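**Q** Quick one: the structure is below, questions incoming.
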Amino acid sequence: MIDKILRDYDRTHTLNARDIHYILEHAEEASEPLFEKAREVSDRHFHKKIFVRGLIEFSNYCRNNCFYCGIRHDNAEVERYRLSTESMEAAVKSGVAMGFKTFVLQGGEDPDFSDDLLADWVRRIKRIDDEAAVTLSVGERPKSVYAMWKEAGADRFLLRHETFDEAHYGKLHPRAMDRTRRIRCLEDLKDLGYQVGSGFMVGSPYQTTENLVEDFLFLKRLQPAMVGIGPYVSHHATPFKDFPNGSVELTAVCIAILRLLFPKANIPSTTAMQTLAKDGRNRGILAGANVFMPNLSPSAVRRRYALYDHKAAFALEAAENLEELKDQIASLGYEIVMNRGDYTDKE
Numbered sequence: 554m555i556d557k558i559l560r561d562y563d564r565t566h567t568l569n570a571r572d573i574h575y576i577l578e579h580a581e582e583a584s585e586p587l588f589e590k591a592r593e594v595s596d597r598h599f600h601k602k603i604f605v606r607g608l609i610e611f612s613n614y615c616r617n618n619c620f621y622c623g624i625r626h627d628n629a630e631v632e633r634y635r636l637s638t639e640s641m642e643a644a645v646k647s648g649v650a651m652g653f654k655t656f657v658l659q660g661g662e663d664p665d666f667s668d669d670l671l672a673d674w675v676r677r678i679k680r681i682d683d684e685a686a687v688t689l690s691v692g693e694r695p696k697s698v699y700a701m702w703k704e705a706g707a708d709r710f711l712l713r714h715e716t717f718d719e720a721h722y723g724k725l726h727p728r729a730m731d732r733t734r735r736i737r738c739l740e741d742l743k744d745l746g747y748q749v750g751s752g753f754m755v756g757s758p759y760q761t762t763e764n765l766v767e768d769f770l771f772l773k774r775l776q777p778a779m780v781g782i783g784p785y786v787s788h789h790a791t792p793f794k795d796f797p798n799g800s801v802e803l804t805a806v807c808i809a810i811l812r813l814l815f816p817k818a819n820i821p822s823t824t825a826m827q828t829l830a831k832d833g834r835n836r837g838i839l840a841g842a843n844v845f846m847p848n849l850s851p852s853a854v855r856r857r858y859a860l861y862d863h864k865a866a867f868a869l870e871a872a873e874n875l876e877e878l879k880d881q882i883a884s885l886g887y888e889i890v891m892n893r894g895d896y897t898d899k900e
């Protein structure tokens, strides 16, 4: 059956709901031919190049209480921090010196970090390197705020929808959070001209195969420039502490499905993959991922941005180990490149 699905893909260049459901339900059987096809598609568009983005986790304060997240508002164990402007600029300058051309500002939905200050940070990054791309990953805001950040120079925005199914969304989030609002934010971002990224967790509590199929179908409608997924990883101080972690193997299969659905999209191999498996990052790349995000945050705060337990952020996930990362990626037959790697839908 998987051979037929892939033959049909060669003809149609897409997968339908039935195809996706079959692959997910027969992941072990389907994985190797699927990975081979995903690598073929990825290599055709990216020529065995892996783009790197410098990740700066600038605040672990968050107004939200997502049941799976280690920096949720009600977790009293978290040692909260918020980077100063000077620390952010130092991290960017360090990244520029290493050759980074994309910087990702990621933080919780910090109620005391002003929208105007983030706009100022975007302008400051552009003054440090006017050719650098700036990606924001800071959650839900009014369209007017997204517009202000775009005017300041922000290029991209990452906002994972986490799950499209409304009932499942309600099981992962408190009642104050609304799936419809999140989808509207993604639509607003696209309307404003951002390169928009979304994504979901694989193996989150209560997730079904049908939920995952819905996630893929939603993304087909959204047509994102980026898709970030990772296995669910538990955190000991959340309501979901006793749920098992997601599967690296199934996540790799999902990355491969994404690559077939979105041949030109930027798809990272995420830190969550590396947290659950020593070769998790490599598995993501060999399944069709083309992006990796080394951590540029000051080393003193990296352990505090703990969305889940045992986060891999100190070995090759740390930007200061970039040369060793390049060597390991080269051993897979791929090359780390430092340019912006903008999404384009042109041939």
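Residues in the sequence shown are numbered consecutively from 554, following the working numbering. Backbone N, C-alpha and C define an ideal beta-carbon position, used for all residues, glycine too. These numbers were taken from a predicted model, which means no experiment stands behind them.
1) Using a 10 Å radius around the Cβ and a threshold of 16 neighbouring Cβ atoms, would you call A729 buried or exposed?
2) Quick check on DSSP: helix, strand or coil for G799?
3) With a Cβ-Cβ cutoff of 9 Å, do E802 and S667 count as a contact?
4) So R606 and V755 are supposed to be a Cβ contact under 8 Å. How far apart are they, rounded?
5) Nearest to Y614 by alpha carbon, out of E876, K654, N848, V854?
6) Quick one: measure Cβ to Cβ for A883 and F588, integer angstroms, because I've assumed they're closer than 8 Å.
7) Report the rounded CA-to-CA distance for P784 versus V698, giving the unit in angstroms.
8) Mark L875 as exposed unless 16 or more other C-beta atoms lie within 10 angstroms of its C-beta, in which case mark it buried.
9) Does the region 717–724 come close enough to the region 673–689 that 3 or more CB-CB pairs lie under 8 Å?
10) Contact check, N835 vs L885 under 8 Å by CB: the rounded distance?
11) As an exercise, report each continuous alpha helix (DSSP H) stretch of at least 4 residues that is fully enclosed by the region 766–817, in chain order.
12) From D627 to R713, what does the alpha carbon distance come to, in whole angstroms?
13) Taking the alpha carbon of L739 as the point to measure from, which residue in P816, M779, V594 has its own alpha carbon closest?
14) Which whole runs of the alpha helix (DSSP H) in the region 664–741 are 4 residues long or more, in chain order?
15) Considering Cα atoms alone, identify which of C622, M554, P727 is closest to E582.
16) Helix or strand or just coil, what does DSSP make of F653?
17) Rounded C-beta distance between V631 and R857? I'm assuming under 8 Å.
18) For P586, which three-state DSSP category applies?
19) Does the beta-carbon distance from Y621 to H788 come in below 9 Å?
20) Got a sec, what are the start and stop residues for the beta strand (DSSP E) G661 sits in?
21) For A865, does the count of other Cβ atoms within 10 angstroms reach 16, so buried, or fall short, so exposed?
22) Consult DSSP for V605 and reduce its assignment to one of helix, strand or coil.
23) Using CA atoms only, rank isn't needed, just tell me which of K794, D683, L811, L860 is closest to L770.
24) Which of the three DSSP states, helix, strand or coil, is assigned to F845?
25) Taking Cβ positions, are G799 and S822 nearer each other than 9 Å?
26) Quick one: grab the DSSP three-state call for V631.
**A** If we stick to the structure as given:
1) exposed
2) coil
3) no
4) No, R606 and V755 are not in contact; Cβ-Cβ is about 21 Å, not under 8 Å.
5) V854
6) Their Cβ separation, rounded to whole angstroms, is 20 Å, which puts A883 and F588 out of contact at 8 Å.
7) 31 Å
8) buried
9) no
10) 6 Å
11) 801–814
12) 21 Å
13) M779
14) 668–681, 696–705, 719–725
15) M554
16) coil
17) 7 Å
18) helix
19) yes
20) Premise fails: G661 is in no beta strand (DSSP E) and is neither H nor E.
21) buried
22) strand
23) L811
24) strand
25) no
26) coil
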